[in-house]
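For what it's worth, our numbering labels the leading residue of the sequence shown as 7, then goes sequentially. Written below as structure tokens is the structure these notes are about.
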Amino acid sequence: MIFRILSHLPTALRSRWARYRSKLRHDNDAGKLLILVFSKDRPLQMDLLLRTLSVNVSQTPNVHIIYRASDNNYRTEYSRVFAENSALNIVPHEEREFREDLLRICRASDCGSVMFLVDDIAFIRPVDLNEIATLSRQGHIVSIRLGLNITRAQTENGAARRKPPLTPVDGMASRFLTWAWHKAEPGHWAMPTALDGNVLPLPELIPVLESTSFKAPNSLEAAIGQYRFLFKYAAGVCYDLPRIVNFPLNSVKAEDFNFPHMGMSVDDMLTIYKNGGRLDISNFPYTEHDSCHMEWIPQLAFAGNEHAHSTSHEGEKFT
Numbered sequence: 007m008i009f010r011i012l013s014h015l016p017t018a019l020r021s022r023w024a025r026y027r028s029k030l031r032h033d034n035d036a037g038k039l040l041i042l043v044f045s046k047d048r049p050l051q052m053d054l055l056l057r058t059l060s061v062n063v064s065q066t067p068n069v070h071i072i073y074r075a076s077d078n079n080y081r082t083e084y085s086r087v088f089a090e091n092s093a094l095n096i097v098p099h100e101e102r103e104f105r106e107d108l109l110r111i112c113r114a115s116d117c118g119s120v121m122f123l124v125d126d127i128a129f130i131r132p133v134d135l136n137e138i139a140t141l142s143r144q145g146h147i148v149s150i151r152l153g154l155n156i157t158r159a160q161t162e163n164g165a166a167r168r169k170p171p172l173t174p175v176d177g178m179a180s181r182f183l184t185w186a187w188h189k190a191e192p193g194h195w196a197m198p199t200a201l202d203g204n205v206l207p208l209p210e211l212i213p214v215l216e217s218t219s220f221k222a223p224n225s226l227e228a229a230i231g232q233y234r235f236l237f238k239y240a241a242g243v244c245y246d247l248p249r250i251v252n253f254p255l256n257s258v259k260a261e262d263f264n265f266p267h268m269g270m271s272v273d274d275m276l277t278i279y280k281n282g283g284r285l286d287i288s289n290f291p292y293t294e295h296d297s298c299h300m301e302w303i304p305q306l307a308f309a310g311n312e313h314a315h316s317t318s319h320e321g322e323k324f325t
């Protein structure tokens, strides 16, 4: 199978991909996961992502963050976010040139796989990185954003998306399900290269990054998507229920991509964070969660609100 896939690559990329794959598979630790977050002008949402990650992820890995601040006001509040969530071993990288920043981090990593996240995500259920690493070592592409309840695509005007046939994964403490990425209908279940919560093999990904042009997360996802055929024949694996959800509260327009969002002001959200406000998802409506992106506005919590950090829940069961 792999040789048939490689035959579709340009000659230069085929050579580079094979060389990197051989070298990095040998040098990198297949059991280590690189977590890499992208953010622009969203300290309030970044804080929610990091707080919920801290509550729900059983290990405390290094969390690399490439962030862009439009001015010193945003830069100051990002510094506060990183300081308040320092237990996560945060490694911040203020963006200079997105593509080169990303390549530098990936090339320097000794991890066997990478999970990309964006700043308007929140963790809503527990994640065991040891289990994720085990599945990645076995050659699977894990998605922590998919689950039995994901039957709609908010990014496509709420279009219904039928789940592929799902089979239980044996031998794991958590309940995992598996399917064939390449046999799924178009949509979330056929997108192994999505940036929000999918775990990709780093040795295979680096030569793809080196061979494509991109300048921000949206064009990065599109660039990687051109080489989806390199990854779609791996088995997909997800938890029975999603571990993350994306709240599209606003747009920061780093590129000319239009996705549905709720139109909240980034400047107003900066002021909220600066004045001590924090997003609170303790009343998250789990039974209404049927898309990777969900138009739902978290409550605001301020200092002294006992629910401000209550951000983990096992959720409802779906069939």
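Idealized CB from N, CA, C, for every residue including glycine.
How long is the line joining the alpha carbons of residue i and residue j, rounded to whole angstroms?
i    : j    : result
P207 : L56  : 23 Å
F253 : F290 : 11 Å
H319 : R48  : Low local confidence applies: a pLDDT of 49 at H319 is under 50, so the model's placement there is unreliable, and no value is given.
S219 : E210 : 17 Å
M52  : N224 : 18 Å
A153 : F88  : Ala is not the amino acid found at residue 153; the sequence shown has Gly there. Cα to Cα, the separation comes out at about 30 Å.
D77  : S115 : 30 Å
I230 : K169 : 23 Å
R102 : G282 : 29 Å
F308 : E83  : 16 Å
F9   : K280 : Note that F9 scores a pLDDT of 38, beneath 50, so its modelled location is shaky; the value from the coordinates is reported in the next line. Each residue's alpha carbon lies about 54 Å from the other.
W195 : V97  : 31 Å
S85  : L141 : 35 Å
D262 : G177 : Note that D262 scores 47 on pLDDT, short of 50, meaning its location in the model is unreliable; the coordinates nonetheless yield the value given after this. Cα to Cα, D262 sits roughly 45 Å from G177.
L236 : H299 : 26 Å
S45  : G145 : 29 Å
A75  : R81  : 5 Å
E301 : S217 : 35 Å
R249 : D274 : 28 Å
Leaving out the 5 sequence neighbours to the left and right, which residues in its chain are closer than 7 Å to residue i when beta-carbon positions are compared?
i    : result
K238 : W187, H188 and P198
R113 : I212
Y233 : V214
N79  : L276
V175 : F182, L183, T184 and V243
S297 : I156, R158, A159 and Q160
G193 : A159 and R167
Compute the distance between the beta-carbons of residue i and residue j, then report whether it is under 8 Å.
i    : j    : result
L50  : L276 : yes
V243 : H295 : no
I111 : L172 : no
T157 : A241 : no
D202 : I303 : no
I150 : Y245 : yes
S64  : D134 : yes
L247 : N136 : no
A159 : R167 : yes
I138 : V205 : yes
G326 : R181 : Since the displayed the chain opens at 7 and closes at 325, residue 326 lies outside it and no answer follows.
C117 : L226 : no
L285 : L54  : yes
Ordered along the chain, which non-local residues of its own chain (more than five positions away) have a Cβ less than 6 Å from that of residue i?
i    : result
P132 : N62
F104 : K221 and A222
L306 : G283
P67  : I41
A200 : none
If you drop the 5 nearest sequence neighbours on each side, which residues of the same chain put their C-beta closer than 8 Å to that of residue i?
i    : result
A99  : Here the sequence assigns His to residue 99, which means Ala is not the residue at that position. Around H99: H70, I71, I72, Y73, D107 and I111.
H315 : Low local confidence applies: a pLDDT of 44 at H315 is under 50, so the model's placement there is unreliable, and no value is given.
E191 : R167, R168 and P170
A228 : F220
Comparing the C-beta of residue i with each C-beta of chain C, is any distance below 8 Å?
i    : result
R113 : The chain inventory of the structure shown lacks chain C, comprising one protein chain alone.
Hey, which unbroken runs of the beta strand (DSSP E) at 3 residues or more fall wholly within the stretch 73-101? 96-100
With three or more C-beta pairs closer than 8 Å as the rule, is the stretch 120-128 touching the stretch 83-96? no
Scan the stretch 102-190 and note each continuous beta strand (DSSP E) run of 3 residues or more that stays entirely inside, going in chain order. 117-124, 127-129, 147-149 and 182-186
Please give the ranges of any beta strand (DSSP E) in the stretch 230-310, keeping only runs that are unbroken, at least 3 residues long and fully inside the region. 241-245, 250-252, 284-286 and 305-307
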